[in-house]
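Novice:
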Amino acid sequence: MTDQIRPAHGAGASRAVIFQKYAGLCAVLLSGTVLSTGLPGKAFAQETTVLEEIAVSNGGQDPLGGGDGYVAPTTTTGSKTATDIKDIPQSVSVVTRKQIDDRQPAQLEDVLAYTPGVATSIWGTDDRFDQFLIRGFDIGTSGIFRDGLSQKVINFSSFKVEPYGAERVEVLKGPGGVLYGENDAGGLVNVITKRPVFDPLYAGFLSYGSFDTFEAGADVGGALNAERTMAFRLTGLVRQGSTEVDGAENDRYFIAPSFTWKPNDQTSLTILTHYQSDKLTPNSFLPVAGLSYDASLGSLPDSFIFSQSDFNKFDTENGAVGYEFEHAFTDALTFRQKLRYAAQKTDYQHLYYNGMASATEMAYVAFTVDEFATIFNVDNQLQYDANFSGVENTLLVGADYTRHQVDGENGYGGNYLISVTNPNYNFTVTDPAIYYKGVQTIDRVGLYAQNQSRIFDNWLLTLGGRQSWLNNSFEDELYGSDTSQFDTNFSGFAGLGYDFANGITPYASYSESFVSNVGSTFSGELYKPSEARQFEAGIKYRPTFFNGFFTVAVFDITKTNVLTSDPVNTGFSVQTGEVNHRGVELEANVSLGSGLSLTGGYTYLDAEITKSNDGDQGNRPGLVPEHQASLWANYQVQEGLLEGVSFGAGVRYIGESFGDTANTVKVDSYTLVDAALRYERENFGLSFNVNNVFDKTYYATCNGSSSCILGEGRTFKAMLTAKF
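Under the UniProt record's numbering, the sequence shown has 229 at position 229, and the numbering climbs by one with no breaks.
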């Protein structure tokens with residue numbers, strides 16, 4: 001029997017998070033030849049985001065800029081070269097700076113809320129991480145990149161993204177193993193940060209929002225010398241606030257200085273840095289009347305749902321320093337290098353729900369994390385452009401190296417009982433015993449090549465391949481043992497398209513990627529990497545008579561070597577699992593000179609566990625909705641009494657999903673409505689944004705039959721902006 005899960009609580013939402021018990025005391029070590037690779041690193045003047053008359057011809061749009069209204073014609077994420085999106089034989093979505101300004105998302109997953117193929121807030125409003133699915137695969141903790149370099153979460157070091165510091169956010173859908181190495185099947189998200197501008201920029205804002213949340217931000221920049229060979233930018237934000245959970249913290253300090261030196265047209269160096277301090281409060285899943293315990297006891301009161309233990313905290317400090325360097329030796333040969341060092345300190349305490357201890361009592365357990373994580377990336381590229389015999393050719397070769405390291409200790413323990421009929425947190429939580437202490441190091445080395453050809457003006461052929469080496473090691477400081485594991489993988493890519501003069505480009509492609517699996521079978525055989533392959537076909541369309549971009553894509557992704565339970569040896573796993581995700585995506589982005597801009601899309605996803613020893617073969621993976629649809633539209637009055645007034649509204653539909661792979665707990669679909677009102681006059685603006693306008697109460701997901709988590713309720717933000 002399948003249980004249908006609907007919220008039984010009053011209006012509002014619980015900012016709650018699920019605890020996933022730390023696993024993987026084994027980790028991988030990779031030896032360290034430091035090969036490197038670079039992402040395109042030219043510094044460009046920033047595009048403004050003020051609505052204005054838009055030219056149809058936008059093919060030369062800066063691939064690192066904010067975009068042209070809601071449309072971004074070019075990208076670096078899909079190819080690591082500045083390429084027209086319609087020429088890339090794989091789905092790429094871009095959330096422009098204008099979209100971010102209009103919707104005012106609070107965190108990265110909110111930025112992606114209107115992106116087809118992306119399911120956001122899958123764990124409710126989990127402030128610890130930016131978490132989401134791409135094409136049904138959990139990417140949030142493993143597939144986030146900043147300026148083309150990996151920013152993967154290790155343990156609980158999340159390196160959260162501040163949207164105010166982003167110029168645009170790009171999504172590559174499907175395997176991206178050739179360009180980015182180890183990454184899961186669904187794709188990745190690349191955040192392009194704000195960078196120096198040569199024209200004067202003086203902008204700032206003040207805002208007040210739900211739960212007494214105050215924010216102030218500033219964004220300034222410009223040339224540093226009369227010759228305009230040096231420029232800077234300084235972006236900063238301060239937030240003090242709370243959430244719907246009583247006593248919760250929602251505080252942030254963020255500052256991002258950057259500097260560009262461009263002595264001539266052939267050479268540029270951009271230094272990018274940031275520092276961010278967060279004080280947040282986690283929450284946990286909660287049991288549901290009629291699912292987790294007897295319905296006759298009634299639902300938990302809101303006074304408990306929207307409260308938390310004083311023990312809970314999630315405090316982090318992170319920072320990064322890096323650079324992008326580019327030098328053109330000739331018109332045909334260009335070298336690029338990108339390097340970054342990032343570090344985060346995490347102090348995490350969490351009293352979380354751990355199931356029903358009895359028919360009337362909930363069990364809670366204490367968990368702590370104290371860790372320091374570092375990420376070092378270097379990426380070098382050599383690009384060669386040539387024309388011969390009717391072929392325009394771009395060859396890219398690169399070598400990259402990444403080291404992730406975490407030094408930390410985790411505590412776990414306690415048995416705290418809370419009555420269902422009289423729940424409260426009026427008790428003292430003591431620090432649990434340390435069960436894990438050690439250093440995990442992951443080294444990744446990759447050599448890759450990609451060739452993009454435009455043949456006889458219309459045919460578009462892309463071929464690529466990468467050889468990856470990965471070492472994972474763990475130094476156990478609690479028990480005095482060391483473990484290591486070495487993996488290799490080859491990933492390939494092939495794509496073909498045809499560019500018609502009317503703006504239509506049909507395409508087809510094949511792509512691969514992999515993720516490592518740490519550990520071994522009962523017999524001692526090391527796990528092989530899980531591998532993913534995708535077949536995709538579609539049509540991209542850029543109209544010649546207005547500023548818009550449309551995509552239709554069909555895809556088929558298979559992920560193999562998935563770990564499943566060993567049917568003979570209890571507590572061990574074997575690699576006989578396989579999942580298949582097939583679907584259709586529709587996407588539209590439009591910005592018209594009349595003042596109308598819109599973004600929208602639809603996703604159909606047929607996901608199935610095709611091989612398993614766990615009794616769930618043929619079932620649908622948990623968390624994955626079959627249908628999603630969204631539409632956001634913004635209209636700015638161009639003349640008359642209301643000139644400068646903007647109206648925005650959006651609707652998001654998320655279909656039914658399951659809370660477990662056994663498909664016994666079904667989570668209801670839900671529809672959310674968002675709205676915005678803005679007035680701009682000369683250098684100033686006033687705006688008011690509301691998310692979940694009707695305060696819809698819904699479950700984001702369930703953790704099997706044990707517990708569920710509420711999605712975010714209605715929130716608002718009023719803001720005053722200035723720009724000179």
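Cβ coordinates follow ideal geometry from the N, Cα and C atoms, glycine included.
Which one of Y293, A295, F211, P287 has the shortest CA to CA distance from residue 726?
Specialist: A query on residue 726 cannot be resolved here, the shown segment of the chain reaching from 1 to 724 and no further.
Novice: Using the Cα positions of D110 and G66, report the straight-line distance between them to the nearest angstrom.
Specialist: Those two C-alpha atoms are separated by around 18 Å.
Novice: Would you kindly work out how many angstroms separate the C-alpha atoms of R168 and E162, rounded to a whole number?
Specialist: If you take the alpha carbons of R168 and E162, they lie about 12 Å apart.
Novice: Give me the Cα-Cα distance between D674 and N634, rounded to the nearest whole angstrom.
Specialist: Taking the straight line joining both Cα atoms gives about 11 Å.
Novice: Could you check where the alpha helix (DSSP H) with F304 kicks off and where it finishes?
Specialist: F304 -> alpha helix (DSSP H) spans 302-305.
Novice: In the DSSP assignment, what are the bridge partners of S296?
Specialist: Partner(s): none; S296 has no beta bridge.
Novice: Would you say the stretch 215-226 touches the stretch 693-702, given that touching needs at least three Cβ pairs under 8 Å?
Specialist: Not touching, per the Cβ criterion.
Novice: Secondary structure at D668, three-state DSSP: helix, strand or coil?
Specialist: If DSSP states are grouped into helix, strand and coil, D668 belongs with coil.
Novice: Contact check, Y164 vs T235 under 8 Å by CB: the rounded distance?
Specialist: Confirmed, Cβ separation roughly 7 Å.
Novice: Taking buried to mean at least 16 other C-beta atoms within 10 Å of its own C-beta, is E53 buried or exposed?
Specialist: Bear in mind that the predicted position of E53 carries a pLDDT of just 36, short of 50, making it unreliable; the figure below should be weighed with that in mind. Classification for E53: exposed.
Novice: What number of angstroms, rounded off, separates the C-alpha of A366 from the C-alpha of G411?
Specialist: Rounded to whole angstroms, A366 to G411 spans 8 Å at the Cα level.
Novice: With DSSP collapsed to three states, give me the class of Q638.
Specialist: Q638 falls in the coil class under three-state DSSP.
Novice: Let me know the secondary structure DSSP gives P163 once reduced to three states.
Specialist: Here P163 sits in helix by DSSP.
Novice: Which residue's Cα is closest to the Cα of T664: F647, E680, S706?
Specialist: The residue with the shortest Cα to Cα distance from T664 is S706.
Novice: If I measure Cβ to Cβ from K42 and keep anything under 6 Å in the same chain, skipping five residues before and after, which residues do I get?
Specialist: Low per-residue confidence applies at K42: pLDDT is 35, beneath 50, and the placement is therefore not dependable, though the value from the model is reported in the following sentence. Counting only Cβ-Cβ distances below 6 Å, and skipping sequence neighbours, we find S268, E326.
Novice: What separation, rounded to the nearest whole angstrom, lies between the Cα atoms of P175 and P543?
Specialist: Using only the alpha carbons, I get a separation of about 28 Å.
Novice: Our contact map puts F514 next to S481 with C-beta atoms below 8 Å; I'd like the distance itself, whole angstroms only.
Specialist: Not quite, the Cβ-Cβ distance comes to about 27 Å (not below 8 Å), so this is no contact.
Novice: Anyone know if the C-beta pair for N377 and T402 falls short of 8 Å?
Specialist: Yes, the pair counts as a contact, with Cβ atoms nearer than the cut-off.
Novice: In terms of DSSP beta bridges, what is N517 paired with?
Specialist: Partner(s): none; N517 has no beta bridge.
Novice: Given Y602, which residues of its chain have a CB within under 6 Å of its CB, disregarding the five upstream and five downstream residues?
Specialist: Cβ neighbours of Y602 beyond the five flanking positions: L586, A629.
Novice: Along the chain, where does the beta strand (DSSP E) containing R340 start, and where does it finish?
Specialist: That run of the beta strand (DSSP E) goes 333-356.
Novice: Could you pull the start and end residues of the beta strand (DSSP E) that I144 belongs to?
Specialist: It spans 144-146 - the beta strand (DSSP E) in which I144 sits, taken as one unbroken run.
Novice: With G177 as the anchor, note down where its alpha helix (DSSP H) starts and where it stops.
Specialist: Element bounds for G177: 177-180.
Novice: Where do the N-terminal and C-terminal ends of the alpha helix (DSSP H) with R97 fall, by residue?
Specialist: 97-103 is the extent of the alpha helix (DSSP H) around R97.
Novice: List in chain order: all unbroken beta strand (DSSP E) runs of 3+ residues lying wholly within the stretch 213-249.
Specialist: Whole beta strand (DSSP E) segments, 3+ residues: 213-223, 230-240.
Novice: Which of helix, strand or coil does DSSP assign to E371?
Specialist: If DSSP states are grouped into helix, strand and coil, E371 belongs with the strands.
Novice: Helix, strand or coil for K86, going by three-state DSSP, please let me know.
Specialist: K86: helix per DSSP, three-state reduction.
Novice: Bridge partners of R620, per DSSP?
Specialist: BP columns for R620 are empty, so no partner.
Novice: What three-state label does DSSP hand L592 in the structure shown?
Specialist: L592 falls in the coil class under three-state DSSP.
Novice: Suppose you measure from the CA of G438 to the CA of S207; what does that come to, to the nearest Å?
Specialist: Spanning the two alpha carbons is a distance of roughly 42 Å.
Novice: Using DSSP with H/G/I as helix, E/B as strand and the rest coil, what is E109?
Specialist: E109: helix per DSSP, three-state reduction.
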